[in-house]
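K.L.:
Before anything else, here's the structure in question.
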Amino acid sequence: MSKIYALANQKGGVGKTTTAINLSAYLAASGKKILLIDSDPQGNTTSGYGIDKLDIKKSYYTLLTGESDFEETKIKAECMENIDILPANRELAGAEIELINFKRKEFLLKDIMEEIGDKYDYVIVDCPPSLNILTLNALTAADGVIVPLQCEFYAMEGLTDLLYTISLVKKKLNKNLKVDGVVFTMYDSRTNLSAQVVEEVKTVLDKEAFKTIIPRNVRLSEAPSYGLPINIYDKNSKGALAYERLAEEILKRGE
């Protein structure tokens with residue numbers, strides 16, 4: 000079966016989408032078959048791979064509601080081999096209302112993944128920055144959670160809330176769910192605050208923090224506007240090298 004990761008944090012602006020786009024790219028570059036699911040109504044992961052959200056006829060939303068099947072919904076990434084994408088647009092914002100009367104509404108993604116089987120080596124789900132039915136579907140289907148965490152003052156508060164949510168999901172919906180690791184993002188080596196956040200979180204989580212730290216990097220910020228992952232946009236940038244190391248770390252864990 001595929002290894003399914005939910006990239007989650009109830010706080011916005013922490014680097015979830017940047018991590019989803021670039022981690023999937025480096026895993027694909029290593030020869031792994033990747034399914035990238037855009038579970039955020041903003042659709043930034045979709046546009047980050049150069050897909051026009053306005054042109055999408057079949058999306059993750061229509062897949063969840065049964066209006067399309069998997070094969071007609073997935074889109075092959077044009078800029079990268081080995082990546083299929085379940086795209087999203089603002090239509091996904093209606094999921095909370097549309098899915099409320101569905102039976103097993105928290106298990107819709109899990110059921111889809113079971114039908115797909117082992118077609119992919121890794122499935123990466125970019126979750127919205129909130130606890131809603133989309134996030135619950137991702138956490139219910141996932142083997143593990145990767146938590147992008149911005150190196151800032153309020154990071155610990157948001158992490159505490161997320162860990163509480165994960166514990167509830169594990170108790171009620173997915174007993175095998177675990178936190179695979181926290182990824183520190185937007186690290187600024189010029190400030191003491193970034194280093195303090197890293198040390199504080201590592202003290203609390205110990206082994207659950209990835210060794211790789213993602214720096215603040217202009218090239219990482221620029222790449223999505225060109226619809227490209229960082230390994231294509233600027234493979235020699237500090238951000239690119241960091242995501243390459245993160246992918247290597249995840250691959251080693253998988254071995």
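Going by numbering that gives the first Met the number 0, the sequence shown opens with residue 0, and the numbers climb by one from there. Idealized CB from N, CA, C, for every residue including glycine.
Terminal residues of the continuous beta strand (DSSP E) containing V13?
P.N.:
Note, V13: premise wrong, no beta strand (DSSP E); not H, not E.
K.L.:
Taking the CB atoms as reference points, tell me whether P128 and R89 lie closer together than 8 angstroms.
P.N.:
No, they are not a contact pair.
K.L.:
What does the Cβ neighbour count give for N216, buried or exposed, with the cut at 16 atoms within 10 Å?
P.N.:
Result: buried.
K.L.:
Beta carbon of L148, beta carbon of L158: below 8 angstroms?
P.N.:
Their beta carbons are under 8 angstroms apart, which means L148 touches L158 by this criterion.
K.L.:
Is the separation between the beta-carbon of P223 and that of K237 shorter than 8 angstroms?
P.N.:
The answer is no: Cβ separation not under 8 angstroms.
K.L.:
Grab me the residues of Y59's own chain with a C-beta within less than 8 angstroms of its C-beta, minus the 5 sequence neighbours each way, in chain order.
P.N.:
Taken in chain order, the residues that qualify are I36, D37, S38, T72, L85, P86, A87, L91.
K.L.:
Could you have a look at M79 and say whether DSSP puts it in helix, strand or coil?
P.N.:
Three-state DSSP puts M79 in coil, outside helix and strand.
K.L.:
Does DSSP classify F152 as helix, strand or coil?
P.N.:
Three-state DSSP puts F152 in coil, outside helix and strand.
K.L.:
Could you check whether the Cβ of N191 sits closer than 8 angstroms to any Cβ belonging to chain B?
P.N.:
Considering every chain present, this structure includes no chain B. It has just one protein chain.
K.L.:
Looking at K32 and N100, is the spacing between their C-beta atoms short of 8 angstroms?
P.N.:
In this structure, K32 does not lie closer than 8 angstroms to N100 by Cβ.
K.L.:
Thinking just about the alpha-carbon of each residue, which of Q9, I3, S23, G11 is nearest to the one in I229?
P.N.:
Measuring from the Cα of I229, the nearest candidate turns out to be S23.
K.L.:
Check the DSSP bridge columns for L35 and list the partner residues they point to.
P.N.:
Looking at the DSSP assignment, L35 forms a beta bridge with I84, I123.
K.L.:
Compute the distance between the beta-carbons of K2 and G226, then report whether it is under 8 angstroms.
P.N.:
Not a contact, by the Cβ cut-off of 8 angstroms.
K.L.:
Could you tell me the distance, in whole angstroms, from the CA atom of T211 to the CA atom of A19?
P.N.:
The alpha-carbon atoms of T211 and A19 are separated by roughly 15 angstroms.
K.L.:
Identify the continuous alpha helix (DSSP H) that holds D110 and give its terminal residues.
P.N.:
Its alpha helix (DSSP H) spans residues 107-115.
K.L.:
Kindly confirm or deny that the segment 189-196 and the segment 117-137 touch, where touching means at least three C-beta pairs closer than 8 angstroms.
P.N.:
Touching, no.
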